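Visitor: I'd like to ask some things about the structure below.
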Amino acid sequence: MDLIFSCSSGTSLLYRRPLLPRQLSSHISTPLLLNAPLITKSLGITHSYSSSSVPTHKVTVHDRQRGLVHEFLVPEDQYILHTAESQNISLPFACRHGCCTSCAVRVRSGQIRQPEALGISAELKSKGYALLCVGFPSTDLEVETQDEDEVYWLQFGRYFARGPIEKDDYALELAMADE
């Protein structure tokens, strides 16, 4: 939403509302005069915009695949993955839209809000699974990364009657021979 302020000198100022976390880039727009070119300053910041009145929570991520533990602060209105990356913390991800399970974690303690997490079912959410790419911390939070295939199996495994598919070398040879 743009707000236009008229000054007593007859000049009008245009104020652009701060961007939402998903829209934010490393550029911040400044107030500008109407009929003047858009002025954008690249400030080279390493963190996202967040009002100082927004609560910040300590997030601890136990990265099982890499054997690392990451601790960092995340404002309540920022995505956990985005904030980690802005602090040069590398965590697993793929889609960044909450549609896959690459950034899936299991919550050890604390609460996470994830209204856009389409990649995991309500059942898995109730069992403590979450997606970092679209997750916002509601409290201090401790999570553990999960194997993407495990989470996928938990979500969709019941739809496959015989369980996980085992590698079948003979079937592979037959398929290769057909090509």
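Residue numbers (our numbering): 1332 to 1510.
The C-beta atom is built at its ideal place from N, Cα and C for all residues, glycine as well.
Model, not experiment: these values are computed from the prediction.
Under three-state DSSP, which class holds E1475?
Guide: strand
Visitor: Drop a sphere of 10 angstroms on the beta-carbon of D1385, count the other beta-carbons inside from all chains shown, and report buried for 16 or more, exposed for fewer.
Guide: Just to set this straight, residue 1385 is Val in the shown sequence, not Asp. Exposed, since its Cβ has fewer than 16 Cβ neighbours within 10 Å.
Visitor: So which of E1479, R1439, G1488, L1462 has the shortest CA-CA distance to Q1396?
Guide: E1479
Visitor: Assign P1423 to buried or exposed, taking buried as 16 or more other Cβ atoms, counted over all protein chains shown, within 10 Å of its Cβ.
Guide: buried
Visitor: Whole angstroms is fine: what's the gap from I1451's alpha carbon to P1468's?
Guide: 17 Å
Visitor: With H, G and I counted as helix, E and B as strand and the rest as coil, what does DSSP make of T1361?
Guide: Confidence at T1361 is low in this model, with a pLDDT of 32, below 50, so the placement of that residue is unreliable and no value is reported for it.
Visitor: Inspect the beta-carbon positions of T1391 and E1402 and report whether they are closer than 9 Å.
Guide: In this structure, E1402 lies closer than 9 Å to T1391 by Cβ.
Visitor: Just to confirm my understanding: we take T1432, look at its own chain, exclude 5 residues before and 5 after, and list those with CB closer than 8 Å. What are they?
Guide: G1450, I1451, L1462, Q1477, E1479, V1482, Y1483, Q1486
Visitor: Among D1394, H1393, Q1409, C1464, whose alpha-carbon lies nearest the alpha-carbon of T1470?
Guide: The candidate whose alpha carbon is nearest that of T1470 is Q1409.
Visitor: Ignore the nearest five residues each way along the sequence and tell me which others in Y1501's own chain have a CB closer than 7 Å to its CB.
Guide: none
Visitor: Taking the continuous beta strand (DSSP E) assigned at E1402, which residues delimit it?
Guide: 1399-1406
Visitor: Could you name the residues that DSSP lists as bridge partners for F1467?
Guide: R1444
Visitor: List the residues that DSSP assigns as beta-bridge partners of L1449.
Guide: Looking at the DSSP assignment, L1449 forms no beta bridge with any residue, so it has no partner.
Visitor: Just to confirm the assignment, what range does the alpha helix (DSSP H) spanning T1414 have?
Guide: 1411-1417
Visitor: Are the CB atoms of K1389 and L1472 within a distance shorter than 9 Å?
Guide: Yes; because the gap between Cβ atoms is below 9 Å, this pair is in contact.
Visitor: With DSSP as the reference, identify every bridge partner of A1461, one or two as the case may be.
Guide: The partner list for A1461 (beta bridge, DSSP) reads V1436.
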